[in-house]
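Structure first, commentary second.
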Amino acid sequence: MKRRLPRCHRTPAQLLLRVPRFSADALLIAADAYRELASHHALNGAPDLAEQAHAIARQLTDEAPRRVVPVHIPPSCKGDVS
């Protein structure tokens, strides 16, 4: 029987993925936390939960590049710096 990752672990990732205001950094930090959670479950004999946590980490990592904000250089800073 495959157990589901508890809702308290799934909901934050769903929120991060659905709300575009969260930055790429926020998604990558959360992905790291989900990898740690997956490692914890794997060490404690719950490979099904570890697999789900890894899948969430991959989703967050895949979404992060789409959230990168382009660097904006104000017009007064362009040009020769002397």
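Position one of the sequence shown corresponds to residue 1 (the numbering used here), numbered consecutively onward.
Glycine is no exception: its CB is placed at the ideal position from the N, C-alpha and C atoms.
Predicted model only: the values in this text are computed from it and were never measured.
Taking C-alpha atoms, which residue in the options lies nearest to residue i?
i	options	result
L28	S76, D62, T11	D62
V69	R7, R4, D25, R3	D25
H41	A53, R7, A31	A53
R67	H9, R21, P12	R21
H9	A33, P65, A64	A33
K6	L60, Q59, P75, L37	Correcting the residue type first, residue 6 is Pro in the shown sequence and not Lys. Comparing Cα positions, the closest option is L37.
R58	R4, T11, A30	A30
Could you give the first and the last residue of the continuous alpha helix (DSSP H) run that contains residue i?
i	result
I29	24-43
H9	7-18
R58	47-63
Excluding the 5 residues preceding and the 5 following residue i in the sequence, name in chain order all residues of the same chain whose CB lies nearer than 7 Å to its CB.
i	result
K2	D48
So, for residue i: in the same chain, excluding its five sequence neighbours on each side, which residues have a beta-carbon less than 8 Å away from its beta-carbon?
i	result
H72	none
P12	A30
Does the pairing of the region 41-50 with the region 15-25 give three or more beta-carbon distances under 8 Å?
-> no
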